[in-house]
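Mapping of the sequence shown onto numbering that gives the first Met the number 0: position 192 corresponds to residue 191, and the numbering continues sequentially without gaps.
The structure appears below as structure tokens.
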Amino acid sequence: MAAQRGVPPMRMLEEALGISLTSSGDTPEPVAADGAYYLEHVSITEVSEDDCEYEEIPDDNFSIPEGEEDLTKAINIIQEQATDTEILEQTTVLPSKHVVHEAIEDFLCNFLIKMEMNRTLDSFQAEWYELIQKGKTEFSEIGNVPDVYSQVVLLETENKNLKKDLKHFKQAAEKAREELLRTQKERDFHRMHHKRTVQEKNKLIADLKGLKLHYASYEPTIRVLHEKHHVLLKEKMLTSLERDRAVGKISGLQASLKNIELAHIHIPKIKAGYSCEKENKSEGPTQKGLHESRQDSGYKKKMKDDRKDSEFPTNMQPDTDLSVCDENIGPSKFDYKLNNIFRLHDLPVTCINLHPCKEFLVSCSEDRLWKMVGLPKGNVFLTGSGHTDWLADCCFHPSGTKLATSSGDSTIKLWDLSTGECLLTFEGHSHAVWSCTWHSSGDFVASASLDMTSKIWDINSERCRYTLYGHTDSVNSIEFFPFSNTLLTASADKTLSVWDARTSKCEHSLYGHMHSINDATFTPRGHIIASCDARGVIKLWDFRNLIPIVSIDVGPSTGNEVNFDSTGRVLAQASASGIIHLLHLKTGQIHKLVGHENEVHTVVFSQDGKNIYSGGSDGTVRLWL
């Protein structure tokens, strides 16, 4: 070592650090003539005002102890997430004097390790510890590494942190710039949309003003038409008077003819044409049979023509046995459970109806058959066949002795339930007949068809009395208001119509559905109408005021049919999702009956409301108790 050869150790330290550890005014004084030096304790101030430039010596051997890496990373992440303004406003704080500085010997060791001067390090350590053991070295006189170096290290660390924060802020600024550009684009788009909306609004206002002027020009024409209407009414009255006079004259002539007949006045008969020589000759067997068949057909035609049309009743009283609706009966039942499955058809069941008096059920199917079964066992008593296409609906005569069925073959058939034979077939629709219903008097049957019309058929005269026109799409459902002459129809044109069966005129139309209406029905008392459409929306209507009450969405599956129980407080809906929805009208609660594997087409309550019968696309009828 240099110290052993006469070079002072403090001089070596000064050369290693590149600074002067002795004061400017104090110079070492020799104590011997042989050139030996002694060490003097010199204190270094925190701030050096000299012009020396110091080199940074990075400490590459600094390492984080094992096990503390995650904690250090977590602390760095927390510091990075601190508020940007706080980081920017932070000022550099120099370490206080009470901070423990690195000793000079440790600094030298670290420096030699960093420079990979292993032999010098070994010599330094050997001589240093030898001096320590001999007691020739006092630690208080050695001192620490100057504060300038520590400050440089701290400043470098802070500079690195600031660079990292600057990078983070640049990324945040870039994101903010992109967000600003996106917001500006959205703003421009909304501005353009607003301008377009304002233009459309101004155009609509201009069109509205033009329409008002256009409609105002029709008022004189309407006045002229009203005047013509009054003139035509007067002419009609005059024509009726003339007709009455002519009828009176005809009746007078008929009375005169009767008097002539009573007076036995003989009026000779005049024959026109020529006489045939074979007139008195006998006819052959072929001519006789043809003559007899013509006479029979003429007689039948005359008998059919002689049948009079039925008259719609004016004063009808409800049958208390068939329309019991007591609001004070027990609470409504909702806990129905699947009890039995009747496998009656090979194809889907389209309709179920219960006998009004007895424990019988009739089911119609797409297999062109209807079957009457006994309840609750489900034994088949009667099977009806005669339609050439699928059956859509059926309805019992009020007395329970007849059955009306509608079919895809565009006919309505009446059946005798005692024999199962077809009594009468009504033909007149041009497309499939979806629904049919009996009038409470039992003299009329109404039908709804795909041909956009409804018809009222007279049972006694066996003909169509009225055809109801007005719907613009298929008429899917039809039903008579209980004990009245009012008809309710539901159509695929999204409307319900109320008709007067005596005049075949539409009295009122109900609007509100957004999709095709599949079914509509009255409560037993008739004060509420329920309807369902192709999106599963149920609507309740006040029939007295003809206004909607409430709309309930149980979709999106199609609602195929709705029916009330005997109290009118519970509504059942057959859904295409295979679920039966039960709606309590007072509380608004909806209960679900799950048991069908496929689509449910029809559902009906028993007379006492204790049972529910449902038919599905699997050809079965299911009993719920």
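Glycine is no exception: its CB is placed at the ideal position from the N, C-alpha and C atoms.
Restricting attention to F188, L111 and I551, the CA atom closest to the CA of G511 is found in I551. Closest in C-alpha terms to N559, from the list N201, S216 and T349, comes T349. Beta-carbon to beta-carbon, K357 and G399 are separated by about 7 Å, close enough to satisfy the 8 Å threshold.
Counting only the Cα atoms, G377 lies some 11 Å from S362.
Here DSSP, grouped into helix, strand and coil, assigns P347 to coil.
In the structure shown, D552 adopts extended strand secondary structure according to DSSP, grouped into three states.
Contact between the segment 527-539 and the segment 553-567 is present: 3 or more CB-CB pairs across the two stretches fall below 8 Å.
In this chain, the alpha helix (DSSP H) harbouring T119 covers N117 to K133.
Following the DSSP letters along the chain, one finds C531 inside the beta strand (DSSP E) bounded by residues I527 to D532. For Q170, the number of other beta carbons within 10 angstroms of its own is below 16, and it is reported as exposed. A straight line joining the alpha-carbon of R222 with that of V230 spans about 13 Å. Under DSSP, I455 forms a beta bridge with A445 and Y465.
Taking the Cα of H600 as reference, the smallest distance to any Cα among P347, K235 and T313 is reached at P347.
The three-state reading of DSSP puts R181 in helix, counting H, G and I together.
Where K412 is concerned, there is no enclosing alpha helix (DSSP H), although the beta strand (DSSP E) around it starts and stops at T410 to D415. Counting other Cβ atoms within 10 Å of its Cβ, K454 reaches 16 or more and is therefore classed as buried.
N158 counts as exposed, since fewer than 16 other C-beta atoms from the protein chains shown sit within 10 angstroms of its C-beta. Residue pairing by DSSP places N378 opposite G373 in a beta bridge. As computed with DSSP, C394 is found in a beta bridge with A403. DSSP places C435 within a strand segment (E or B) once states are collapsed to three. With respect to the C-alpha of P375, the residue from K135, S605 and P481 having the closest C-alpha is S605. K194 and L207 have their C-alpha atoms spaced approximately 20 Å apart.
Distances from the alpha-carbon of N484 to those of D457, A391 and F311 put F311 closest. Out of V197, F443 and M191, the CA that lies nearest to the CA of D308 is found in F443. Cβ-Cβ separation between G567 and T522: approximately 4 Å, consistent with a contact (criterion under 8 Å). With a contact defined as Cβ atoms closer than 8 Å, L570 and L584 qualify at about 7 Å. By the neighbour-count criterion, in which a residue is buried when 16 or more other Cβ atoms sit within 10 angstroms of its Cβ, T452 is buried.
Your pair S448 and W433 checks out as a contact, with CB atoms roughly 7 Å apart and the cut at 8 Å. Non-local C-beta neighbours of D388 in its own chain, meaning closer than 7 Å and more than five positions away in sequence, comprise R367, S406, G407 and D408, ordered along the chain. For D541, the secondary structure class from DSSP, reduced to helix, strand or coil, is strand. Taking all protein chains in view, the Cβ of V620 is crowded by 16 or more other Cβ atoms within 10 Å, so the residue is classified as buried. Per DSSP, F333 lies in no alpha helix (DSSP H) segment and is marked neither H nor E. Excluding its 5 nearest sequence neighbours in each direction, A500 has C-beta neighbours in its own chain below 8 Å: F311, H438, F443, A445, I455, Y465, F479, N484, T485 and L486, listed in chain order. Distance from the CA of L232 to the CA of H590, rounded to the nearest whole angstrom, comes to 58 Å. Burial of A403 is indicated by the presence of at least 16 other C-beta atoms within 10 angstroms of its C-beta.
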